[in-house]
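Just below is one structure, and these are the notes that go with it.
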Amino acid sequence: MTDTTASTTSNQEEKVNNERELSIDNGNPKSPLEFSWTFWYLKPDKRIVWEKSLIKLIDVAFVEDFWATYNHLALPSRLATAKINSDYYFFRTGIRPMWEDPANANGGRWLLTLGNFDVKLDDLWQETLLGMIGDCFSNDADQRPLSRFITGCVVSIRVRGHKIGLWLSEAQDGTIVREIGRRWKTMMNLPSNMRIQFETHNESGSGPQKPMYEE
Ligand code: MGP
């Protein structure tokens, strides 16, 4: 065996051992998620450009890591008391949580604005996250699983009404977009008088517009 082969083999062994360690929690194998996801935090700071205020927190590829992170982070309602204008972003690993990412560029977002509605921000956020990691946006009858059109979600803490956004890679196919919106509403068990609006990311960047769809 040459030196190069020996070092390649030892690198491979190290990689396998690391992967094994990563997927073992207190001696028990961890439960892999269908996809790996990344938590981001947007620290409000008007002095710097938006993109620079985004902080990548952690990738989660296992159920246990999701909960460890979720339980460690301040809940949105807590941010609302101390960190106005902050956001949490939860996106598929590899997709940056911004309009410019190719996975988002032709898509849009469903937006739920809470305003004065008497609903629990934390519960809606948690239902959304669980729906995403649990692949609950798809059902067996789908020709194409609808979860594949979801790139991430966002909770935005704002004085004029907190918001939860569900970002899709698709905006033009109304059947797909509306069905995802309906499933999201059901998942969150929203009161029937609460509406969600869909807008494309182009529209998001250009001030108030009439939403493309509403559910
Ligand atoms: P926002 O957080 O989506 O809405 O975008 P907010 O704060 O509720 O205010 P609104 O009244 O504009 O709806 C706030 C601002 O952050 C935008 O106007 C952009 O300047 C910037 N911004 C937000 N996002 C999600 C992006 C993005 O994906 N790319 C870039 N370049 N800027 C963004």
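Numbering (UniProt numbering), first residue to last: 1 to 215. We put the CB at the ideal spot given by N, CA and C, even for glycine.
Asked, Found
"Would you list the one or two residues that DSSP bridges to Ile-164?", "Leu-112 and Val-155"
"Please say whether Tyr-41 and Ile-55 have beta carbons closer to each other than 8 Å?", "yes"
"Which full runs of the beta strand (DSSP E) of 3+ residues lie inside the stretch 52-108, going along the chain?", "54-62 and 87-92"
"What number of angstroms, rounded off, separates the C-alpha of Glu-119 from the C-alpha of Arg-109?", "A small correction: the amino acid at residue 119 is Val; Glu does not occupy that position in the sequence shown. Going by the C-alpha atoms only, they are around 21 Å apart."
"Counting Cβ pairs, one atom from each stretch, are 3 or more of them under 8 Å apart for the stretch 26-46 and the stretch 55-66?", "yes"
"Quick check on DSSP: helix, strand or coil for Phe-137?", "coil"
"Using a Cβ-Cβ cut-off of 8 Å (strictly less than) and excluding sequence neighbours within five positions of residue 219, which residues of its own chain qualify?", "Examination of residue 219 is not possible in this model, given that the chain is present from 1 through 215 alone."
"Spatial neighbours of Val-16 within its chain, please: C-beta separation below 8 Å, excluding the five flanking residues on both sides.", "Bear in mind that a pLDDT of 49 at Val-16, under 50, signals an unreliable position, so the number given afterwards is only what the model happens to contain. Answer for Val-16: no residue qualifies."
"Can you tell me which of Gly-165, Glu-34, Gly-161 and Val-159 puts its alpha carbon nearest to the alpha carbon of Cys-136?", "Glu-34"
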